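S.K.: Have a look at the structure that comes next, please.
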Amino acid sequence: GQQVMQIPQYQHVQEGEDFTTYCNSSTTLSNIQWYKQRPGGHPVFLIQLVKSGEVKKQKRLTFQFGEAKKNSSLHITATQTTDVGTYFCAFSGGSTLGRLYFGRGTQLTVWP
Amino acid sequence: DAGVIQSPRHEVTEMGQEVTLRCKPISGHNSLFWYRQTMMRGLELLIYFNNNVPIDDSGMPEDRFSAKMPNASFSTLKIQPSEPRDSAVYFCASSSENNSPLHFGNGTRLTVT
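Here the protein sequences come in this chain order: A and B.
Using my numbering, the first residue of the first sequence is number 20, and each one after it goes up by one.
Using my numbering, the first residue of the second sequence is number 32, and each one after it goes up by one.
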């Protein structure tokens with residue numbers, strides 16, 4: 020089946036440092052979505068990437084979709100304590116249209 | 032927009048008891064998903080409905096789990112009988128169409144003792 024590896028599993032940074040999480044797939048993805056889950060909360064949609072090589076920005080967050088559509092990254096510039104949470108990539112695939120698979124997530128801790 | 036509404040928020044029950052989790056999707060959304068989240072296995076898709084019809088239930092762990100969607104505004108996930116290994120946070124999510132973003136409810140934290 021389709022496999023997506025998300026790394027790292029955990030990341031601890033000092034406030035102000037940058038942070039990046041990566042999702043790597045063994046097969047070509049039709050699209051990729053990113054979600055953030057705060058501690059004790061539920062996943063919240065951040066963005067969707069569809070096109071090869073696509074780059075999207077949301078304030079301090081930069082999202083990229085690889086040229087081969089097999090990998091994606093989320094980069095946060097100058098982290099803040101409000102960035103704490105787990106970041107998930109998610110992708111649709113398999114034989115069932117609409118089914119969304121989630122990566123294992125990267126848990127970000129930001130020290131003040 | 033009230034968002035996806037799940038109930039109860041917390042459920043503590045004894046092994047062997049029946050548990051029913053409830054979900055009201057966002058009005059107008061035609062896809063509904065049940066996910067289970069644990070530290071060990073992450074976010075697992077249990078079942079997915081489209082226009083009230085179960086499309087993919089391959090993630091349902093075993094026959095003890097069942098899900099229904101009798102109408103566009105209500106879904107249930109039932110576990111009977113429950114076991115301690117079912118302890119997890121269960122999320123319901125809805126979306127307006129295939130590949131569109133999921134809107135998650137606040138989840139139900141289930142503890143089976």
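We treat Cβ as the ideally placed atom computed from N, Cα and C, and that holds for glycine.
Note that the coordinates shown come from a computational prediction; the quantities given were computed from them, not determined experimentally.
Is it the case that the Cβ atoms of GLY104 of chain A and GLN67 of chain A are separated by a distance below 8 Å?
M.R.: Not closer than 8 Å, so no.
S.K.: Which residues, in order along the stretch 127 to 138 of chain B, keep a beta-carbon less than 9 Å from a beta-carbon of chain A?
M.R.: So the close ones are GLU128, ASN129, ASN130, SER131, PRO132, LEU133, HIS134, PHE135, GLY136, ASN137 and GLY138.
S.K.: From what residue to what residue does the beta strand (DSSP E) around ARG17 of chain B run?
M.R.: What the structure shows of chain B is the stretch from 32 to 144, and residue 17 of chain B is not part of that stretch, so it cannot be assessed.
S.K.: Closest Cβ-Cβ distance between GLY47 of chain B and chain A: below 8 Å?
M.R.: No, its Cβ sits nowhere closer than 8 Å to a Cβ of chain A.
S.K.: Please confirm whether LEU141 of chain B and PHE64 of chain A have their CB atoms less than 8 Å apart.
M.R.: No, these two residues do not count as a Cβ contact at 8 Å.
S.K.: Quick check on the burial criterion: 16 or more other C-beta atoms within 10 angstroms. Buried or exposed for TRP53 of chain A?
M.R.: By the 10 Å Cβ count, TRP53 of chain A comes out buried.
S.K.: Quick one: give me the first and last residue of the beta strand (DSSP E) that LEU133 of chain B is part of.
M.R.: From DSSP, LEU133 of chain B is part of no beta strand (DSSP E); its letter is neither H nor E.
S.K.: Check this for me: beta carbons of LEU63 of chain B and PHE80 of chain B, under 8 Å apart or not?
M.R.: Their beta carbons are under 8 Å apart, which means LEU63 of chain B touches PHE80 of chain B by this criterion.
S.K.: Is the beta carbon of GLN22 of chain A sitting closer than 8 Å to the one on THR125 of chain A?
M.R.: It is not a contact, given that the beta carbons lie outside the stated cut-off.
S.K.: What span of residues does the beta strand (DSSP E) with VAL143 of chain B cover, start to end?
M.R.: From DSSP, the beta strand (DSSP E) with VAL143 of chain B extends over 139 to 143.
S.K.: For ARG116 of chain B and ASP94 of chain B, what's the separation of their Cα atoms in angstroms?
M.R.: Cα to Cα, the separation comes out at about 15 Å.
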